[in-house]
Structure formats: C-alpha cells, structure tokens
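Take the sequence shown: its position 50, counted from the start at 1, is 53 in my numbering, and no numbers get skipped.
One structure is given below, encoded as structure tokens.
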Amino acid sequence: MYLGRHIHLQTHAAVKMLHERLSQSDVDRFLTEARTIAHLRHPHIVRVLDFGVQDENPFLVLDYAPHGNLRQQHPNGTPVPLATIVSYVKQVAGALQYAHQHQLIHRDIKPENMLLGHNHEVLLSDFGIAVLAQNTTPENVRRRRTRLERLPTWYLNSFRRIPVRPVISMHWG
C-alpha cells in the first residue's frame with residue numbers, strides 16, 4: 004500500500020498494488036471486477052479513483068482514509084462504547100445493502116476492511132475479493148462455486164496476502 008498524491012489536483016490517494024503477474028484472462032477478469040467496483044457510489048464504501056495493470060501487475064487507486072481501520076482504532080480487548088458500535092453497524096449495513104442491490108457480495112467483512120475516513124466515517128474497503136452475485140438458484144450456485152474454484156489464488160485472496168509496507172509518497176496524474 005502506498006500513499007499517492009495527484010500531481011494536478013494535489014489530493015492524496017491510496018495506491019494498492021497486487022504483486023503477482025497476470026495472464027491475459029486474469030487481467031480481463033481483474034479489469035472487469037475493478038470496473039464494477041469503481042461504479043459503486045455510497046458514502047460508506049471507499050471510492051475507486053482509478054485502476055489498471057502495469058507490467059502485468061494490477062493496481063487500484065483508492066480514496067485515502069487517513070484514520071486507519073477499525074482494528075487499528077480499536078485493538079482486541081479495547082472496550083468500545085455501544086453507541087459507537089451501533090453507528091459502525093449502521094454504516095456498514097448501509098454499504099452492504101447498497102452493494103447487494105448492485106449484485107455484489109463483499110465476502111471479507113472484518114475490522115481491517117472497515118476504514119475510517121476524514122470525518123471518522125466508516126468506509127467499507129477491499130471489494131477485490133467480492134463476487135458478482137447472480138441468481139441464487141441451486142444450479143447457479145453450483146456453477147458459481149465451480150468458477151470460483153478455478154480462479155487463481157490472487158483473485159480470491161489478493162488483498163489479504165499483500166504484506167503492508169510503510170506508506171511512501173508517490174505521484175500520479
């Protein structure tokens with residue numbers, strides 16, 4: 004993960020790199036998934052500002068969430084006030100409802116994927132392992148499961164497998 008600064012707008016963004024080379028079919032799959040996620044517009048879903056593939060390595064440019072994630076904000080064993088928990092649940096539930104209305108299933112809900120934005124609002128992130136939902140008939144579920152079993156590991160575990168690096172400055176634009 005890198006901290007980027009747009010050279011023209013002078014705004015910060017998070018740049019998430021997946022450090023695995025992709026075949027052309029994997030590139031096509033990544034671009035399709037990234038395009039779908041980039042179209043999500045909700046106050047509690049981190050925005051995808053840009054995406055692409057550089058030297059067969061995919062990347063996402065995301066809104067920067069300056070206050071880290073819920074795991075960092077509330078380490079294990081730290082008491083969290085009930086009102087705070089209720090606020091977090093409402094925000095995440097709204098984001099998930101919106102994603103589901105757009106036939107997208109997140110599949111990796113955890114505190115590390117709930118970022119805190121500029122106003123300490125919760126931003127659901129890491130839709131990179133999401134699965135586009137289709138009909139949930141038994142036949143479609145079997146077909147979807149078979150497709151998932153054939154997908155490369157980077158698609159299913161991409162963001163969880165990347166070691167977090169110190170944030171460095173880089174420019175794009």
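Glycine residues also receive a C-beta, built at the ideal position from the N, C-alpha and C atoms.
Of the residues the options, which one's Cα is nearest the Cα of residue i?
i      : options                           : result
Arg74  : Tyr5, Val125, Thr14 and Arg8      : Val125
Ala96  : Gly80, Leu85, Val83 and Met117    : Met117
Pro61  : Leu107, Ser28 and Leu119          : Ser28
Ser128 : Met20, Arg24, His47 and Leu12     : His47
Tyr104 : His121, Val83 and Ile40           : In the sequence on display, residue 104 carries Gln and not Tyr. Taking only the C-alpha atoms, the option nearest Gln104 is Ile40.
Val18  : Val83, Leu43, Asp58 and Leu65     : Leu65
His45  : Tyr91, Ile108, Ile112 and Ala98   : Ala98
Phe130 : His121, Leu119, Gly120 and Leu107 : Leu107
Glu59  : Gly80, Leu43 and Leu25            : Leu25
His109 : Gly7, Leu63 and Glu36             : Glu36
According to DSSP, is residue i part of a helix, a strand, or is it coil?
i      : result
Leu151 : Any reading at Leu151 must be qualified, since the residue scores a pLDDT of 35, below 50, and its modelled position is unreliable; no value is offered.
Ala68  : coil
His15  : strand
His60  : Here residue 60 turns out to be Asn, not His, going by the sequence shown. Strand at Asn60.
Leu25  : coil
Val92  : helix
Met20  : strand
Gly55  : strand
Leu85  : helix
Ile40  : helix
Assuming residue i contacts residue j under a Cβ cut-off of 8 angstroms, what Cβ separation, rounded to an integer in Å, is found between them?
i      : j     : result
Ala16  : Leu52 : 6 angstroms
Val56  : Ala68 : No, Val56 and Ala68 are not in contact; Cβ-Cβ is about 24 angstroms, not under 8 angstroms.
Glu115 : Asn72 : 5 angstroms
His70  : His11 : At roughly 26 angstroms, the Cβ-Cβ gap does not stay under 8 angstroms, so His70 and His11 are not in contact.
Leu63  : Phe54 : 5 angstroms
With respect to the beta strand (DSSP E) encompassing residue i, which residues constitute its N-terminal and C-terminal limits?
i      : result
Arg8   : Tyr5 to His9
Val125 : Val125 to Leu127
So the alpha helix (DSSP H) residue i belongs to, where does it begin and stop?
i     : result
Leu73 : Leu73 to Gln76
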